[in-house]
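Visitor:
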Amino acid sequence: MNEELLTVNSELQAKIEQLAGLQNDMKNLLDNTNIGTIFVDENLAIRRFSREAVKVYRLLTSDTGRPLSDIKSNIDGIDLVEEAQAVLASLVPREKEVRTTANDYYLVRVMPYRTLDNVIAGVVLTFTEITRLKKVEDEIRVAKAYAENIVDTVREPLIVLDSELKVLSASRVFYQTFKLLPGDAIGRYLYDLGNRQWDIPKLRELLGTILPKETSFDNLEIEHDFQGVGRRKLLMNARCMIEKTGHPQLILLAMEDITDRTTKTQRA
Numbered sequence: 003m004n005e006e007l008l009t010v011n012s013e014l015q016a017k018i019e020q021l022a023g024l025q026n027d028m029k030n031l032l033d034n035t036n037i038g039t040i041f042v043d044e045n046l047a048i049r050r051f052s053r054e055a056v057k058v059y060r061l062l063t064s065d066t067g068r069p070l071s072d073i074k075s076n077i078d079g080i081d082l083v084e085e086a087q088a089v090l091a092s093l094v095p096r097e098k099e100v101r102t103t104a105n106d107y108y109l110v111r112v113m114p115y116r117t118l119d120n121v122i123a124g125v126v127l128t129f130t131e132i133t134r135l136k137k138v139e140d141e142i143r144v145a146k147a148y149a150e151n152i153v154d155t156v157r158e159p160l161i162v163l164d165s166e167l168k169v170l171s172a173s174r175v176f177y178q179t180f181k182l183l184p185g186d187a188i189g190r191y192l193y194d195l196g197n198r199q200w201d202i203p204k205l206r207e208l209l210g211t212i213l214p215k216e217t218s219f220d221n222l223e224i225e226h227d228f229q230g231v232g233r234r235k236l237l238m239n240a241r242c243m244i245e246k247t248g249h250p251q252l253i254l255l256a257m258e259d260i261t262d263r264t265t266k267t268q269r270a
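Count along the sequence shown from 1, then add 2; that gives the number in my numbering.
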């Protein structure tokens, strides 16, 4: 019996060491991912939390075992306890962007806690800081609005295309001149605009042959019948904005309507 007890004790000691090693691995993983994590049980009592979680919830080591609702959070405008209860009831994960009282932004994910036996034993809340990302998004939004305002102040029709010749934006004059709405143009291929009336062989040649070899072209004349507008004679100008890799990022396509000017010249 002593030998059997020694064997059992050795096996238990090995299991304890293995569990301690797993616990250490888990702690180091949680502490070094820079993602705040809170584990709560099916009663929403705190089981464990990572170091980063204290930036969102005012947690102390002694808070383990307390209801999450007892802990004050730094989040504005959302009750994560209600979100956790909803996830427990539906077992459907939830994801939200939140802002703290310190004006930091986090992406919050609330997911069911599943055991190895596929039993729901609570909820996991994770907090990923996205403050820098939100600032970049705001800067991009401001830059886009700034660029669109510049485009709208141009007196000639102007289109901004991506490298696949899809319309990113266009000037107000372009829409007015060619009887189009922004919803009929944004995101569509240039050649598909206005019931494919922009599928002009000469324009295809300019954008498909000349532009890949050069970064721009100027004063190239195109004459075409546009539906609802009539026959127009245009001077086309294009500029490529080149990436560091050498590939075109944006294409600015401007046009000047010289129909009336040509008609007056012919009459003279």
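Every residue gets a Cβ at the ideal spot worked out from N, C-alpha and C, and that includes glycine. No experiment lies behind these values; they were computed from the predicted model shown.
#1: Thinking just about the alpha-carbon of each residue, which of Leu-163, Thr-103, Glu-99 and Leu-118 is nearest to the one in Leu-109?
#2: DSSP three-state call for Phe-176: helix, strand or coil?
#3: Express the C-alpha separation of Arg-49 and Leu-62 in angstroms, rounding to a whole number.
#4: Tell me which same chain residues have a C-beta within less than 7 Å of the C-beta of Ala-270, skipping the five on either side of it?
#5: Go to Asn-45, then tell me how far its beta strand (DSSP E) extends in each direction, as first and last residue.
#6: Which residues bound the beta strand (DSSP E) around Lys-98?
#7: Give a yes or no on whether 9 Å exceeds the smallest Cβ distance from Val-126 to chain C.
#8: Can you give the beta carbon distance from Pro-95 to Arg-116, rounded, assuming they're within the 8 Å contact cut?
#9: From the DSSP output, read off the bridge partner residues of Lys-235.
#10: Tell me whether Ala-187 counts as near the ligand COA, meaning its Cβ is closer than 8 Å to at least one heavy atom of that ligand.
#11: So the alpha helix (DSSP H) Glu-158 belongs to, where does it begin and stop?
#12: On the three-state DSSP scale, how would you describe Ala-187?
#13: CB Val-58 to CB Ser-75, shorter than 9 Å?
#14: Use the C-beta contact count for Asn-30: other C-beta atoms within 10 angstroms, 16 or more gives buried, fewer gives exposed.
#15: Spell out the partners DSSP gives Ile-152 in its beta bridges.
#16: Helix, strand or coil: which one does DSSP assign to Ser-218?
#17: Alpha carbons only, please: which of Glu-13, Asp-227 and Lys-17 is nearest the one belonging to Gln-259?
#18: Specify, as a first and last residue, the run of the alpha helix (DSSP H) that Glu-85 falls within.
#19: Grab me the residues of Tyr-191's own chain with a C-beta within less than 7 Å of its C-beta, minus the 5 sequence neighbours each way, in chain order.
#20: Over what stretch of residues does the alpha helix (DSSP H) that includes Leu-205 continue unbroken?
#21: Give me the Cα-Cα distance between Gln-178 and Pro-184, rounded to the nearest whole angstrom.
#22: Is the beta carbon of Thr-128 less than 9 Å from the beta carbon of Ile-18?
#23: Please determine, among Leu-46, Ser-52, Glu-158 and Thr-9, the residue with the shortest C-alpha to C-alpha distance to Asn-26.
#24: Quick one: give me the first and last residue of the beta strand (DSSP E) that Gly-124 is part of.
#25: Roughly how many whole angstroms lie between the Cα atoms of Glu-158 and Val-175?
Guide: In short, the structure shows the following:
#1: Glu-99
#2: helix
#3: 12 Å
#4: Below a pLDDT of 50, predicted positions are generally treated as unreliable, and Ala-270, at 49, falls in that range; the measurement from the model is reported next regardless. Excluding residues within five positions, none has a Cβ falling inside 7 Å.
#5: Counting along the chain, Asn-45 falls outside any beta strand (DSSP E), and DSSP gives it neither H nor E.
#6: 96-102
#7: Any reference to chain C falls outside this structure, which holds one protein chain only.
#8: At roughly 11 Å, the Cβ-Cβ gap does not stay under 8 Å, so Pro-95 and Arg-116 are not in contact.
#9: Glu-225
#10: No copy of the ligand COA appears in this structure; indeed no ligand is present at all.
#11: Unbroken run through Glu-158: none, as it is neither H nor E.
#12: coil
#13: yes
#14: exposed
#15: Per DSSP, none; premise fails for Ile-152.
#16: strand
#17: As written in the sequence, residue 259 is Asp, which differs from the Gln given in the question. If we check each option's Cα against that of Asp-259, Asp-227 comes out closest.
#18: 82-92
#19: Leu-167 and Lys-168
#20: 203-207
#21: 10 Å
#22: no
#23: Ser-52
#24: 122-131
#25: 6 Å
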